[in-house]
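Worksheet: one structure, shown below.
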Amino acid sequence: MSKIPFTGKSPQARQQQQVTSTDPLQPAEAYNPEHPLLEDPDALAIRLVESEDFLRRNKNVLLGLAAVVILAVAGAFGYYMWRSSQDEKGQAAMLRAVSYWEADSLQKAMKGDGRNLGLERVASEYSGSAAGNLANFYAGAGALKEGKYKEAIDYLEDFSSDDLLVQARAYALLGDAHLELNQPKEAADFYNKAANHNANEFFSPGYLLKEATARELAKDYAGAVTAYDKILNDYPAAAEAAEAKQYKARAEGLTGK
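Sequential numbering from 1 applies to the sequence shown in UniProt numbering.
Rendered as structure tokens:
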């Protein structure tokens, strides 16, 4: 350890200040033991020496920790750049597939045209990106049209959206797929989710009517009556209200009311 230099706050200096001070209102000793590093440079010097010694003894560990932090930051940045690149490529691949979809060329939209990827491959190769997520929605709807109901469910269950209307539509399509698989209870539950996901007068009445139909198929007549009632009470001006009133009477008869 190097010798601590003589400073204005060293013991010798403080002794000199105590002897030469002539102002009776000025404290002879300004040192505050509660804050030694702020008040006493000697204590600070000792602490610096101890820190240097700690750094020498733990140099390898500290360097290792620094390397881990640098690698983590670099990895996170690299992953972000890769995700951005994947999404851009996926969006470009989606353009042709969606154009085929809009032209009612379902086969090319789903499978591609030999040069451009179809929705199925965009969904698998760009999974985790926004483009891959959207491809799941389109591919699920396409599989439903093709009568591939289990595949439709797989695609649609992998889809999620912050757009409340689109997410509600995905729930309704899941309901359609389960209904086609003769799973009316599961279908009714998805129709219910669709109806209550951002409930609105434009789409919710139709989803509720589907829910009621599915519950009747599942012999859950009380549940069907509840769905019909929701249409009549919450959406009395909807076009579905007349059907709900008619079918509700039938469902009530089946429940024995």
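Positions of the beta carbon are idealized from the N, C-alpha and C atoms, including for glycine.
Test item: CB-CB of Tyr-171 and Ala-194 under 7 angstroms: yes
Straight-line Cα distance separating Gly-253 from Ala-222: 10 angstroms
Contact set for Asn-136: own chain, Cβ-Cβ below 6 angstroms, skip 5 residues either direction: These residues qualify, in order along the chain: Ala-123, Tyr-155, Asp-158, Phe-159.
Collapsed DSSP secondary structure at Gly-112 in the structure displayed: strand
Per-residue burial, Leu-209 [other beta carbons within 10 Å of its own, 16 or more giving buried]: buried
Residue from Thr-213, Asn-196, Asp-234, Asp-176 whose Cα sits closest to the Cα of Gln-246: Thr-213
Contact set for Gly-175: own chain, Cβ-Cβ below 6 angstroms, skip 5 residues either direction: Ala-187, Phe-190, Tyr-191
Simplified DSSP state of Leu-181, which is helix, strand or coil: coil
Identity of the residues DSSP links to Leu-117 by a beta bridge: Gly-112
Contacts around Tyr-235, its chain only, beta-carbon distance under 6 angstroms, and the 5 residues preceding and following it disregarded: Excluding residues up to 5 positions away in sequence, Glu-201, Pro-205 lie with their Cβ nearer than 6 angstroms to the Cβ of Tyr-235 in the same chain.
Opening and closing residue of the alpha helix (DSSP H) in which Ala-251 lies: 240-255
Close beta carbons around Leu-144, own chain, < 7 angstroms, minus the five adjacent residues each side: Ala-152, Leu-173, Asp-176, Ala-177
Proximity to Leu-232 [Cα-Cα], best of Thr-226, Val-225, Ala-241: Ala-241
C-alpha distance - Leu-134 paired with Gly-128, whole-angstrom precision: 10 angstroms
Contacting residues, own chain, Cβ-Cβ under 7 angstroms from Gln-183 (five flanking each side not counted): none
Under the three-state DSSP convention, the category Ala-218 falls into: coil
Integer-rounded CB distance, given that Arg-121 should sit under 8 angstroms from Gly-114: About 12 angstroms; that fails the 8 angstroms criterion.
Residue range of the unbroken alpha helix (DSSP H) whose run includes Gly-128: Counting along the chain, Gly-128 falls outside any alpha helix (DSSP H), and DSSP gives it neither H nor E.
Contacting residues, own chain, Cβ-Cβ under 7 angstroms from Ala-227 (five flanking each side not counted): Leu-208, Glu-211, Ala-212, Arg-215
Extent of the continuous alpha helix (DSSP H) to which Asp-154 belongs: 149-157
Straight-line Cα distance separating Gly-256 from Ala-237: When rounded, the distance between both Cα atoms is 28 angstroms.
Own chain partners of Val-225 with C-beta closer than 7 angstroms, once the 5 adjacent residues on each side are dropped: Lys-248, Ala-251, Glu-252, Thr-255
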